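*Asks:*
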Amino acid sequence: MKDFFYAIQDLFVNFLFKPYDWLRALELKSWWLANIFSWVFIIIGLVAFVYWMGQLKKFNDNNEEDKSVTSHSYL
């Protein structure tokens, strides 16, 4: 059982967290380049959020959602 948890540790430390180690090392070399990566991730998240809100508004404007109160009688 101990080997199973060491395998999970090995997976995360040696494979899945490698990009974070690379960004941490990059910050010591070039602060500007590391922050550009951060801003790119923020912009991607913002674009995805705006797209998702647009889709929700489109479905809300079509009145496709059942908004009846019968699903929760205690409300």
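Last residue of the sequence shown: 75 in the numbering used here, with the numbers rising by one and none dropped. Every residue, glycine too, gets a C-beta built ideally from N, C-alpha and C. On a predicted model such as this, the values are computed, not experimentally measured, just so you know.
Could you tell me the distance, in whole angstroms, from the CA atom of threonine 34 to the CA atom of isoleucine 44?
*Replies:* At residue 34 the sequence reads alanine, which differs from the threonine that was named. Each residue's alpha carbon lies about 16 Å from the other.
*Asks:* Report yes if the CB atom of phenylalanine 12 is closer than 9 Å to the CB atom of leucine 23, and no otherwise.
*Replies:* No.
*Asks:* Hey, quick one: how far does the alpha helix (DSSP H) through lysine 2 stretch, first residue to last?
*Replies:* Where lysine 2 is concerned, the enclosing alpha helix (DSSP H) stretches over 2-11.
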